[in-house]
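The sequence shown lines up with residues 36 to 480 when you count with our numbering. Let me begin by presenting the structure, written as structure tokens, before commenting on it.
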Amino acid sequence: MSFDLANLWNKILEYTKQEVGEQAFENWFTQTSLVSITEDSIVIEVPSNFFKDWIYDHYRDILNIAILKTLGKVLPVKFDIKEWAAKKTTEPANQAAPLEKPPHKRPFYLNPKYTFEGFVVGSSNRFAHAATLAIAEAPAKAYNPLFIYGGVGLGKTHLMQAACHYISEMHGDLKLFYTTSESFTNELINGIQSRTTQKFREKYRNVDVLLIDDIHFIAGKEATQEEFFHTFNALYDGHKQIVLSSDRAPKTIPGMEERLVSRFEWGLVTDVQLPDFETRIAILKKKAERNGTKLQDDILYFIAENVKTNIRELEGALIKLIAYSALENKKITLELAKDILKDIGAESAKKITIELIQKKVADYFDIKISDMKTKKRTRQVAYPRHVAMYLAREMTGLTLPEIGGYFGGRDHSTVIHACDKIGVDLKKNQNIKNLLQKLMLDIKS
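Below, the structure is given as structure tokens:
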């Protein structure tokens with residue numbers, strides 16, 4: 036196939052710019068180019084691995100719809116790192132952008148759509164939203180640190196960036212910096228290699244508000260944990276606000292040093308859970324309105340009933356439907372939605388059920404399933420119950436209250452306690468790790 040790559044990429048970027056906003060586009064897309072298009076992929080050149088990860092994590096859906104609008108079909112996106120960027124890592128760090136840039140007073144690198152106004156509040160995220168808003172209104176006064184945890188695509192990054200937008204607007208005199216723990220690690224490595232760790236420390240310790248996404252990435256990395264430990268202490272002792280996010284609670288992060296875990300828990304630890312049905316409907320309505328589309332309730336119900344995994348997939352299903360409608364010039368109906376999104380129902384049908392988990396765990400520990408639903412607290416029953424709750428959280432799309440309901444109507448705090456206990460055991464006992472791996476394989480088979 037022969038393509039005018041430059042022209043095609045300009046068309047893709049036109050749509051992308053409309054969606055992400057001028058500033059985000061300037062920061063993340065102006066240094067990209069289209070390398071090639073084949074029958075089964077599209078290759079985009081980016082300046083660095085950090086650009087690749089950021090674009091993939093934050094703009095993947097927008098890129099997919101831009102590609103669909105331009106090419107008439109969705110192709111898997113692959114990234115190619117520019118050769119000059121790879122060579123640049125061997126140059127002195129005072130020439131490397133990450134170490135050279137000081138924190139910005141205005142968070143221009145943020146997704147412009149990730150604001151508090153754009154965040155849909157429901158029972159699954161109400162407390163996390165309230166806590167994040169509280170620290171944005173009064174940094175270092177309410178909860179410090181604030182630790183937000185939950186699965187992929189549930190809104191942690193949205194909340195953190197919303198706090199950045201709010202602080203930037205309402206507290207313009209404060210110096211804030213938002214990054215990922217992977218970027219923190221990479222910058223530290225560059226600093227050590229080029230003997231510019233002092234610059235690195237000044238960058239991260241001379242801020243009023245530090246927000247780090249995916250802090251679990253530093254687990255098992257001794258040097259990074261050591262550096263972050265001292266960074267945390269410097270900021271905390273200076274009464275500066277710290278906000279962290281992770282895919283799990285502090286105590287359940289394997290490979291995280293105990294001294295860091297304890298500091299993460301000094302302030303407030305709150306979670307975001309899978310959105311319930313009503314929240315999923317509200318998210319879909321807001322996303323549709325943002326795209327200038329009004330959908331009938333039966334269409335919204337169909338999507339919400341069939342996509343229960345996370346917000347990212349929920350919005351992805353909606354974008355796919357809207358894109359197809361625009362390309363084919365077809366009105367969005369329930370029949371069209373069922374046809375275009377026919378695979379999502381099949382995916383839900385394949386999902387592991389909590390009943391299956393309970394059966395496998397009960398069989399392994401030689402107890403009755405009914406025992407796990409009783410109020411018995413003997414170790415013979417309580418521990419298998421904890422294991423089953425942990426596996427249910429890891430392997431199903433159920434919310435914590437929903438999981439508790441399958442175990443005799445227990446509340447979400449009981450499920451959290453059970454999961455935390457198993458998480459602690461996982462860090463200390465290889466046998467427990469082996470047991471859980473065996474049960475997971477058995478459940479999936």
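Just so you know, even glycine gets a beta-carbon here, dropped at the ideal spot from N, CA and C. Predicted, not measured: the structure shown is a model, and the values here were computed from it.
Take the alpha-carbon of L474 and the one of V396: they are about 7 angstroms apart. Sorting S68, R230, D306 and I72 by C-alpha distance to the C-alpha of G157 places D306 at the top. Using a 10 angstroms sphere on the CB of S83, the tally of other CB atoms reaches 16 or more, which defines it as buried. Contact between the region 407-416 and the region 354-372 is absent, with fewer than three C-beta pairs closer than 8 angstroms. Taking C-alpha positions only, H251 is separated from I387 by approximately 26 angstroms. The region 229-245 and the region 292-311 do not touch, with fewer than three beta-carbon pairs separated by less than 8 angstroms.
One thing to note: K411 has its Cβ no nearer than 8 angstroms to the Cβ of I404.
For K113, there is no enclosing alpha helix (DSSP H); the enclosing beta strand (DSSP E) has its first and last residue at V112 to I116.
The C-beta separation of F263 from I277 comes to about 10 angstroms, leaving the pair out of contact by the 8 angstroms criterion. By the neighbour-count criterion, in which 16 or more other beta carbons inside 10 Å mark a residue as buried, E370 falls on the exposed side. One thing to note: M424 has its Cβ no nearer than 8 angstroms to the Cβ of I478. Its chain contains P82 as the residues whose beta carbon lies nearer than 6 angstroms to that of Q66, once the 5 sequence neighbours on both sides are disregarded; these appear in chain order. Counting only residues of its own chain and dropping the five nearest sequence neighbours on each side, L461 has a CB closer than 8 angstroms to the CB of T287, P289, I467, K468 and L471. Of the residues A427, L433, N464 and G432, the one whose Cα lies closest to the Cα of A453 is A427.
The three-state secondary structure of E292, taken from DSSP, is coil.
Burial is judged here by how many other beta carbons sit within 10 angstroms of a residue's own beta carbon; Q331 has fewer than 16 and is exposed. A straight-line Cα-Cα distance of about 18 angstroms links H164 and E300.
Secondary structure note for T314: its alpha helix (DSSP H) is the uninterrupted segment F312 to R325.
Within the same chain, and ignoring the five residues on either side of F312 in sequence, the residues whose Cβ sits closer than 8 angstroms to its Cβ are A339 and E340. Going by C-alpha positions, L476 is about 46 angstroms away from N45. Excluding five sequence positions before and after S76, the CB atoms of its chain that fall closer than 8 angstroms to its own CB belong to L110, P111, V112 and K113, given in chain order. With the rule of 3 Cβ pairs closer than 8 angstroms, the region 347-363 counts as touching the region 311-330. Using a Cβ distance threshold of 8 angstroms, N160 and G190 count as a contacting pair.
Annotated three-state conformation of L245 is strand, per DSSP.
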